[in-house]
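Numbering (the working numbering), first residue to last: 7 to 202. Ideal Cβ positions, reconstructed from N, Cα and C, are used throughout, including at glycine. The structure presented is a predicted model; accordingly, all values stated were derived computationally and were not measured.
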Amino acid sequence: MSRQQSETVDSLIIKGWTMPVAMPHLVPIVLMMFLVVGQGFAQSFAAASSMGSPTAADFQKRIDRYGELWTMTDGTLDLEKLDQFYAPGDNVIIFDFAPPGVSTSWAAHRKGLERELFSKLKTNRFVPRQDVTLRLVGDKAAVTTFTFDYENEGKDGTKVKVTGRQTNVWERRGKNWVIVHEHGSPVPRFARNNKE
């Protein structure tokens, strides 16, 4: 690693894991996620199963619906319909590759998206692929990962087409599962399948 790189990249070491962290201010967030996930692993998976735990197919349906609500064809998108997917208040951390980037609540993220992205778009299409993986963490938390195809067209005619991957951390609240952490990012060209 060059001198310049070593000044900008820290390492986070947790129980023998070393993870480069490009932004040191994210360390508390990452630590919090490890604590939440670790707490859940302490609970018995059998207890989760006895409560009628969801399957990857259940989450695939939920994520497919989520993708439908992110899609707009007529220049208008009702982001409030997505409220059902996110924890209310300041209970969500979102890392997005689209503006506004990082948000600490769904309401703030939604406003940022409306202002910085969707007000400039004619169309928006978010299509999750049929590859959802699910990891249950006790009976109160779940982690899903999936890939997606995303494209949009700006009012100025500019087109964007991206293949991405997303990780969501879900929390069970009553009978509903809501997103408490979301991280979407484009798949780098060198990591893509030869099929793409």
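- Of the residues K161, V186, N182 and E157, the one whose Cα lies closest to the Cα of G73 is E157.
- In this structure, V133 is the residue among V133, S109 and N182 with its C-alpha nearest to the C-alpha of F152.
- Here the stretch 90 to 107 makes no contact with the stretch 142 to 151; the two share fewer than three CB pairs at distances below 8 Å.
- In the three-state DSSP reduction, S59 falls in the coil class, being neither helix nor strand.
- With contacts defined by Cβ atoms closer than 8 Å, R178 and S191 do not form a contacting pair.
- Taking all protein chains shown into account, R116 has 16 or more neighbouring C-beta atoms within 10 Å of its C-beta and is therefore buried.
- Counted as a single uninterrupted DSSP element, the beta strand (DSSP E) harbouring K165 occupies residues K165 to R179.
- K126 carries a helical assignment under DSSP once its states are collapsed to helix, strand and coil.
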